[in-house]
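Residue numbers for the sequence shown, in this note's numbering: 1 to 302. Working notes, structure below.
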Amino acid sequence: MTKPYDKDWLPVSDQVQKLESNGLIVADKSAAEKFLRHLNYYRFSGYGLAFEESRHKFVPDTTFEQLRQAYEFDRNLRDLIYESMEVIELDVRTTVAYSFGKKYQAFGHIDSANFFRTFQHGDWIVKLREETERSRERFVEHFKNTYSEYPDLPIWVATEIMSFGALSKMIEGMHRDDQKYIAQRYGIQPQTFTSCLHHLVYVRNICAHHARLWDRSWAIEPSLPYGKNWERPLLPGRDRLFASLLIQYTLLKRCAAEKEFAESWRDRIEALILEKLPTCPKAQEQMGLTPGWHEHPLWKKA
Numbered sequence: 001m002t003k004p005y006d007k008d009w010l011p012v013s014d015q016v017q018k019l020e021s022n023g024l025i026v027a028d029k030s031a032a033e034k035f036l037r038h039l040n041y042y043r044f045s046g047y048g049l050a051f052e053e054s055r056h057k058f059v060p061d062t063t064f065e066q067l068r069q070a071y072e073f074d075r076n077l078r079d080l081i082y083e084s085m086e087v088i089e090l091d092v093r094t095t096v097a098y099s100f101g102k103k104y105q106a107f108g109h110i111d112s113a114n115f116f117r118t119f120q121h122g123d124w125i126v127k128l129r130e131e132t133e134r135s136r137e138r139f140v141e142h143f144k145n146t147y148s149e150y151p152d153l154p155i156w157v158a159t160e161i162m163s164f165g166a167l168s169k170m171i172e173g174m175h176r177d178d179q180k181y182i183a184q185r186y187g188i189q190p191q192t193f194t195s196c197l198h199h200l201v202y203v204r205n206i207c208a209h210h211a212r213l214w215d216r217s218w219a220i221e222p223s224l225p226y227g228k229n230w231e232r233p234l235l236p237g238r239d240r241l242f243a244s245l246l247i248q249y250t251l252l253k254r255c256a257a258e259k260e261f262a263e264s265w266r267d268r269i270e271a272l273i274l275e276k277l278p279t280c281p282k283a284q285e286q287m288g289l290t291p292g293w294h295e296h297p298l299w300k301k302a
């Protein structure tokens, strides 16, 4: 049964007092108030969840600084993951543009016959045309003023303006042979690849909205590739961040032009976790990290 919301607005000084009343140690109240004027209390308090021993009750001796450091860790982690998303997304866009264009030519994506019968092609095209009409890219303006097909664009142009989510849906709706052609570039089975893309769209959106990432249990879990390295005990589950990191690293290594980036990214992720992992109880468990996780066969350098 629901009830009316009855919580009042709190000035920053009262927000600090509320944290203290829950057992948080605040050594520098002025600095804490300054920080909470920058970061909304509601967002910041989410970083305290991993430090609680019970609802609204912090583990003894937990400090404001520990929560702030957890936030900084998460922000740096999001930045690194956003980097990997850019590389993966651009590579997948190019692969789709090249392979689909080669087989079906410039406007093959307009024809529903080139997709599964169950794919909601009409809805997808409507949204793609809306994205095209909202675009202010110069190449879209040029196409609009030059060619009669507008708002339909050649696939190698359309893949540049469609959202990552729309791209993911397009691949999910392709015929199995077309999915297989794309997925084999990344060394993953087609159905698993489409699931992983759907998951990565979700993770990308978390990063884009600056939401807490590090200890999140996924609302959209990825299917995992076959093989013992993706199973227990090497990987305890697919609902935590480490599974996603392994997927990203696996895909990055298959982006031929970005192999140096893949290794640099892996090193920076590993260093961040080893040096800055939040000091809360069960921090590794919250991320899905196993003991000796940095020696995981899928994470170790070749």
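No residue lacks a Cβ here, since even glycine has one placed at the ideal position from N, Cα and C. Everything numeric in this text was worked out from a predicted model, so none of it was measured.
DSSP, read as helix, strand or coil, puts F119 in coil. Judged by their CB atoms, D74 and R254 are not nearer to each other than the 7 Å cut-off.
Residue burial annotation: L128 is buried, with at least 16 other C-beta atoms found within 10 angstroms of its C-beta.
The beta carbons of T95 and R204 sit no closer together than 7 Å. L252 and W265 have their alpha carbons spaced roughly 9 Å apart. If you draw a straight line from the Cα of P278 to the Cα of K301, it is about 25 Å long. Runs of alpha helix (DSSP H) with 4 or more residues, each lying fully within the stretch 130-203, are found at 138-146, 155-161, 164-173 and 176-183, listed in chain order. Looking only at E72, C280, P236 and W299, the smallest Cα-Cα distance to T62 is reached by C280. Fewer than three pairs of CB atoms, one per stretch, sit closer than 8 Å, so the stretch 151-159 makes no contact with the stretch 218-229.
Note: F58 is bridge-paired with E52 in the DSSP secondary-structure output. In this structure, F64 keeps its C-beta atom at 7 Å or more from the C-beta atom of L39. Contact annotation, F107 with D152: C-beta distance approximately 6 Å; criterion of less than 8 Å satisfied. I25 carries a strand assignment under DSSP once its states are collapsed to helix, strand and coil. The C-beta distance from A97 to E131 rounds to 16 Å, too long to fall under 8 Å, and the pair is not in contact. DSSP, reduced to helix, strand and coil, places T63 within a strand of the structure shown. Buried is the label assigned to Q179, since at least 16 other Cβ atoms lie within 10 Å of its Cβ. Under the three-pair Cβ rule at 8 Å, the stretch 74-88 does not count as touching the stretch 131-149.
The C-beta of Y5 has fewer than 16 other C-beta atoms within 10 Å across all chains shown, which makes the residue exposed. Rounded to whole angstroms, the separation of the alpha carbons of S45 and S54 is 14 Å.
When DSSP states are grouped into helix, strand and coil, W299 belongs to the coil group. Within a 10 Å sphere around the beta-carbon of Y147 sit fewer than 16 other beta-carbons, which makes this residue exposed. Check the Cα spacing between N22 and each of P60, E275, F35 and T118: the tightest is with P60.
Measuring C-alpha to C-alpha distances from Y42 to each of M85, T118, I88 and L10 identifies L10 as the nearest. E149 and I110 have their C-alpha atoms roughly 11 Å apart.
Nearest in C-alpha terms to L224, of all of P236, D215 and L289, is P236. Excluding its 5 nearest sequence neighbours in each direction, Q189 has C-beta neighbours in its own chain below 8 Å: A183, P225 and Y226, listed in chain order. Judged by beta-carbon spacing, A256 lies beyond the 7 Å limit of G288, meaning their Cβ atoms are not closer than that value. Counting other Cβ atoms within 10 Å of its Cβ, M85 reaches 16 or more and is therefore classed as buried. Between A70 and Y47 the beta-carbon gap is near 5 Å, inside 8 Å, which marks them as a contact. In terms of Cβ geometry, A27 and D215 do not form a close pair [threshold 7 Å].
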